[in-house]
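For reference, the structure is listed below as structure tokens.
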Amino acid sequence: MRRNPRRAYDREGREIAPPTIGSLREQGETTAAVFCHARDCGHHAVISTDRFPAELPFPDIALHLRCSGCCAREVVVMKDMAAYYARCTSGVGTTVDLPPSYRVIGRDVPWPVR
0 MRRNPRRAYD REGREIAPPT IGSLREQGET TAAVFCHARD CGHHAVISTD RFPAELPFPD
60 IALHLRCSGC CAREVVVMKD MAAYYARCTS GVGTTVDLPP SYRVIGRDVP WPVR
């Protein structure tokens, strides 16, 4: 049986259901970090998840994207840890601020048009 590379599996080989966009939105997650794995590219960006349906599994965002640097479809998606840490530390003694260069595609800058 072939395994889906965008899924996790338990010790018995059963697929573990990934979080959906909707469940992450309920937790305050509205962005995703996207990385291009194409050879010699390495482009990365932070995108808004607002354009995706709530029932879409989070890892499957990658199926709807391509790199804006090289147009490759070899992209991976992961949680936007910079926004997560900034949100977790707000309201406590030590805060993690987002860098001045932090921009969210689809929110701070428009989606690229190809």
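Note that numbering that gives the first Met the number 0 has the sequence shown beginning at 0, numbered continuously upward. Glycine included, C-beta positions come from ideal geometry on N, C-alpha and C. Note that the structure is a prediction, hence the values are computed from the model and not measured.
Judged by beta-carbon spacing, Ala-16 lies beyond the 8 Å limit of Val-76, meaning their Cβ atoms are not closer than that value. Per DSSP, Thr-88 is one residue of the alpha helix (DSSP H) stretching across 80-88. Out of Ala-71, Cys-66 and Val-33, the CA that lies nearest to the CA of Pro-58 is found in Val-33.
Put simply, the stretch 35-44 touches the stretch 63-71. At least three CB pairs are less than 8 Å apart. The stretch 42-54 makes contact with the stretch 8-26; the number of CB pairs closer than 8 Å reaches 3 or more. Residue burial is scored here from C-beta neighbours: Asp-79 has at least 16 other C-beta atoms within 10 angstroms and is therefore classed as buried.
Looking at the DSSP output, Thr-48 shares a beta bridge with no other residue. Annotated as proximal: Val-74 and Ala-61, with beta-carbon spacing under 8 Å. Rounded to the nearest whole angstrom, the C-alpha separation of Ala-7 and Pro-111 is 31 Å.
Rounded to whole angstroms, Thr-29 and Leu-97 show a C-alpha spacing of 15 Å. In the displayed model, Glu-73 falls within coil according to three-state DSSP, outside both helix and strand.
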